[in-house]
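Below is one structure; the comments refer to it alone.
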Amino acid sequence: MIQPSDNTGAFNVLTPASLDWDSTTRISVQARLVGERLILKTLETTDPLATNPLMTRAGKAGCAVLLRYGVVVLFNLTALEAASFLETLKPFVKEPKVETVTENLALAFKSGAPDQLGKERIERDVLWLRNNDVERLQIVAEALAKSVVLEYYEAEIAKIFDRMQVFATAIQNQSARPPKEHELLRDVGGTLLIQQKMLGSVEVGEKPDPIWDHPELDRLYLRLEDEYELRERLLALERKLDLIAKTVETVLGILQRDSSHRVEWYIVILIVVEILLSVYDLWIKG
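Residue 234 is where the sequence shown starts when you use my numbering, and the numbers rise one by one after that.
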C-alpha cells in the first residue's frame, strides 16, 4: 500500500508497476462498467500491486484496476485475456449491467531526461506518460472509470427525460392518458439513486486518492479530467436531475389537485343522491 509522506513536504517516491512493457510501443486500456458494485474485500488479500484503488495483475503482461462502484479498467490485455479475467470477477459483481459501456485509450511512454519529456497529455488519441508507475496508472484508470459511469447515467437520464415529455404531453392534451403517481415516484427514485451514485459512491467531482500522497500527479489528472469533460458532464447531469425533480413536483401537484377535485365532486354527487332518496321516500310515504 502507498505510504503517506512525512511532514517535510517532500513527495513520496512513486511505485514501479513491475510490468514487462519495455518492448511494447502501445498499451491498450479499456474501462468497462460491469455492475452496480464490486465486492473487493476478498480480492484485496490476493497480493495486489496497489490498493485504493485496487490494482492487480491480469493476463500475461497486464494489470487491472478495480473500482468499488462497478468499473474494471484493463491494461494491456488481449480480448481473450480480458474475457477470461472478467469471467473470474463475476462472483464479486453485484447487480451486473446488461448494457456494455466502455471507454478505450492507448498508452505510450516517453523516454529521456525529465526536462526533455514535456507534458503528459493526449495526442492523436494516445496518452503519453513518463513511465508506468502504479500511481499514474491508477489515476488514468479513475478518469476513464468516471467517464464510463457518466456515460451510463447520461443514457439513464435521457430515458427519464423522454418519459417526462410524455407526461407533459398528457397534461397538455386532455384526451391522452395522464401519468400515474407510481410512475412519477419511480422516476423520483431513479433520480435520487443517480445523485447518490454520482456524489456518494463515484465522487466524480473529487480527485483520486493517489494525488493526496503524490500531488505532482495532479496536473495529469486535471488534463484527463479536461479531456473527458468530467466536471462539465457532472454539472450537466445535476442540472437535468434538478429539472426532472421540478417537473415531477409540478406534475404531482396537478395530479393531486385533480384528484382533490374529483373527491369534491364525488361528495356532491353523494349528497344529491341522498337528497333525492329522501325526497322519494317522503313522496312514497305521502
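C-beta atoms are modelled at their ideal positions from N, C-alpha and C, and glycine is treated no differently.
State the Cα-Cα distance for the pair Gln263 and Ala315, rounded to the nearest angstrom.
By one-based count along the sequence shown, residue 263 stands at place 30. By one-based count along the sequence shown, residue 315 stands at place 82. Between Gln263 and Ala315, the C-alpha separation is close to 9 Å.
To the nearest whole angstrom, what separates the beta carbons of Val359 and Ala339, a pair I think is in contact under 8 Å?
For the purposes of this step, residue 359 is taken as residue 126 along the sequence shown, with counting starting at 1. For the purposes of this step, residue 339 is taken as residue 106 along the sequence shown, with counting starting at 1. About 5 Å separates the two Cβ atoms, so the contact holds.
Just reading off the alpha helix (DSSP H) that Arg456 is part of, what are its end residues?
Working through the sequence shown from its first residue, we reach residue 456 at position 223. Segment Asp451 to Glu460, the alpha helix (DSSP H) holding Arg456.
Using DSSP with H/G/I as helix, E/B as strand and the rest coil, what is Glu436?
In the sequence shown, residue 436 corresponds to position 203, counting from 1. Glu436 sits in coil when the DSSP states are folded into three classes, being neither helix nor strand.
According to DSSP, what are the bridge partners of Pro329?
Stepping through the sequence shown from its first residue, residue 329 is reached at position 96. In the DSSP output, where bridge partners are listed per residue, Pro329 has Gly268.
Please state whether DSSP places Thr321 in a helix, a strand or coil.
The residue labelled residue 321 in the question sits at position 88 within the sequence shown. In this structure, Thr321 counts as helix in the three-state DSSP scheme.
Within 10 angstroms of the Cβ of Val382, are there 16 or more other Cβ atoms? Answer buried if so, exposed if not.
The residue labelled residue 382 in the question sits at position 149 within the sequence shown. By the neighbour-count criterion, in which 16 or more other beta carbons inside 10 Å mark a residue as buried, Val382 falls on the buried side.
C-alpha distance - Leu459 paired with Gln371, whole-angstrom precision
As a position in the sequence shown, residue 459 is number 226, starting the count at 1. As a position in the sequence shown, residue 371 is number 138, starting the count at 1. First, the amino acid is wrong: residue 459 is Asp here, not Leu. Straight-line Cα distance between these residues: approximately 17 Å.
On the DSSP letters alone, give me the boundaries of the beta strand (DSSP E) that Trp361 sits inside.
On the sequence shown, residue 361 is found 128 positions in, with the first residue counted as 1. Taken as a continuous stretch (DSSP letters only), the beta strand (DSSP E) holding Trp361 covers Val359 to Leu362.
Check each candidate in Lys343, Leu276, Pro286 and Glu336 and name the one with the smallest Cα separation from Phe521.
With the chain covering 234 to 519 only, the question about residue 521 has no answer from this structure.
Taking all protein chains shown into account, do 16 or more other C-beta atoms lie within 10 angstroms of the C-beta of Asn365, making it buried, or fewer, making it exposed?
Mapped onto the sequence shown, residue 365 falls at position 132. Per the 10 Å Cβ criterion, buried.
Residue span of the alpha helix (DSSP H) that contains Trp254, given as start and end:
Mapped onto the sequence shown, residue 254 falls at position 21. Looking at the DSSP string, Trp254 is not in any alpha helix (DSSP H), and its letter there is neither H nor E.
Considering only DSSP beta bridges, list what Ala533 is partnered with.
No answer is possible for residue 533: the residues shown for the chain start at 234 and end at 519.
Going straight from the alpha carbon of Cys296 to that of Asn309, what length do you get?
Walking along the sequence shown from the start, residue 296 turns up at place 63. Walking along the sequence shown from the start, residue 309 turns up at place 76. Spanning the two alpha carbons is a distance of roughly 7 Å.
Could you pull out every residue in the same chain whose Cβ sits closer than 6 Å to the Cβ of Lys327, ignoring the five residues on either side in sequence?
To locate residue 327, count along the sequence shown from 1; it is residue 94. Excluding residues within five positions, the ones whose Cβ falls inside 6 Å are Gly268, Glu269 and Arg270.
Give me whichever residues DSSP pairs with Leu307 in a beta bridge.
Reading the sequence shown from its first residue, position 74 is the one you call residue 307. According to DSSP, which records beta bridges pairwise, Leu307 is partnered with Gln263 and Ala297.
Nearest to Ile444 by alpha carbon, out of Glu375, Ile477 and Lys479?
Looking up residue 444 in the sequence shown gives position 211. Checked all of Glu375, Ile477 and Lys479; the closest Cα to Ile444 is Glu375.
Answer with buried or exposed for Thr424, where buried requires no fewer than 16 other C-beta atoms within 10 angstroms of its C-beta.
By 1-based counting over the sequence shown, the position of residue 424 is 191. By the neighbour-count rule (16 or more Cβ atoms within 10 Å), Thr424 is buried.
Extract the residue ranges of the beta strand (DSSP E) inside the region 352 to 399, only unbroken runs of 3 or more that lie entirely within it.
359 to 362
According to the Cβ coordinates, are Ala388 and Glu332 closer than 9 Å?
Your numbering for residue 388 matches position 155 in the sequence shown. Your numbering for residue 332 matches position 99 in the sequence shown. Going by C-beta atoms, Ala388 is nearer than 9 Å to Glu332.
Please determine, among Tyr302, Ala312 and Leu322, the residue with the shortest C-alpha to C-alpha distance to Thr528.
The first residue shown for the chain is 234 and the last is 519, placing residue 528 beyond what the model contains.
Please name the residue in Ile393, Phe325 and Leu252 whose C-alpha comes closest to that of Leu282.
Working through the sequence shown from its first residue, we reach residue 282 at position 49. Comparing Cα-Cα distances from Leu282 to each of Ile393, Phe325 and Leu252, the minimum goes to Leu252.
Tell me where the alpha helix (DSSP H) around Pro443 begins and ends.
Indexing the sequence shown from 1 puts residue 443 at position 210. Element bounds for Pro443: Pro443 to Asp446.
Would DSSP call Thr284 helix, strand or coil?
For the purposes of this step, residue 284 is taken as residue 51 along the sequence shown, with counting starting at 1. Correct three-state label for Thr284: coil.
Proximal residues to Ile427 (C-beta, below 8 Å), its chain only, five neighbours per side dropped
On the sequence shown, residue 427 is found 194 positions in, with the first residue counted as 1. Answer for Ile427: Tyr386, Glu389, Ile390, Leu470 and Leu474, listed in chain order.
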